[in-house]
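The next block holds one structure in the form of structure tokens; read it before the comments.
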Ligand code: SF4
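Spelled out as structure tokens, the structure:
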């Protein structure tokens with residue numbers, strides 16, 4: 232959550248994913264929890280253990296999806312191949328705490344994400360929900376007809 236009633240993004244922020252894939256193809260971690268692991272394994276028709284052996288790496292106390300030697304997400308193949316069960320981190324990008332920490336941090340995130348500051352306006356409550364890990368980005372408000380969102 233933000234500090235105080237009026238964060239710098241109190242009037243909302245614009246974001247519409249262009250599906251460029253850049254955020255899926257950079258070095259980093261895609262953290263996954265037990266529920267996400269079960270969902271992805273089921274989606275792929277794998278047991279939890281098989282999935283873990285092939286697609287997970289332990290970083291300290293947490294688990295991350297593995298990435299290719301070129302840093303592509305292991306599930307990137309011109310598009311996200313586990314899109315319906317993609318992790319929360321992917322569903323809520325770029326509305327992460329570190330991106331929302333300041334307008335400077337938001338602008339810095341925008342350097343690598345061409346969808347930031349374009350298209351759909353997210354309200355403060357929507358941003359707060361995403362920041363808290365609830366819901367997912369979408370091109371139109373819930374209930375409206377919308378193309379498939381690509382959270383990265
Ligand atoms: S979230 Fe941004 S970087 Fe990722 S695919 Fe969409 S536009 Fe590209």
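In my numbering, the protein residues as written are 232 to 383.
Glycine residues also receive a C-beta, built at the ideal position from the N, C-alpha and C atoms.
As the structure is a prediction and not an experimental result, all values here were calculated from the model.
For the alpha helix (DSSP H) holding residue i, just list the boundary residues, first then last.
i, result
"residue 266", "265-275"
"residue 279", "279-286"
"residue 330", "328-331"
"residue 293", "Unbroken run through residue 293 is the beta strand (DSSP E), 293-296; no alpha helix (DSSP H)."
"residue 321", "319-323"
Does at least one heavy atom of ligand 1 sit under 7 Å from the Cβ of residue i?
i, result
"residue 278", "no"
"residue 304", "no"
"residue 325", "yes"
"residue 249", "yes"
"residue 366", "no"
"residue 260", "no"
"residue 350", "no"
Between which two residues does the beta strand (DSSP E) containing residue i stretch?
i, result
"residue 349", "347-353"
"residue 246", "244-246"
With a threshold of 6 Å on Cβ separation, who are the neighbours of residue i within its own chain once the five nearest residues in sequence on each side are excluded?
i, result
"residue 337", "330"
"residue 241", "355"
"residue 215", "Outside the shown range of the chain, which is 232 to 383, sits residue 215, and nothing can be said about it."
"residue 326", "358, 361, 362"
Enumerate in chain order the residues of its own chain whose CB-to-CB distance from residue i is below 8 Å, with the five nearest sequence positions on each side excluded.
i, result
"residue 236", "none"
Would you check if the distance between the CB atom of residue i and the CB atom of residue j is smaller than 8 Å?
i, j, result
"residue 305", "residue 324", "no"
"residue 358", "residue 243", "yes"
Counting only the same chain and skipping the five closest in sequence on each side, list residues whose C-beta sits under 7 Å from that of residue i.
i, result
"residue 364", "319, 323"
Cβ-heavy atom distance between residue i and ligand 3 below 7 Å?
i, result
"residue 345", "As for ligand 3, it is missing from this structure, which binds only ligand 1."
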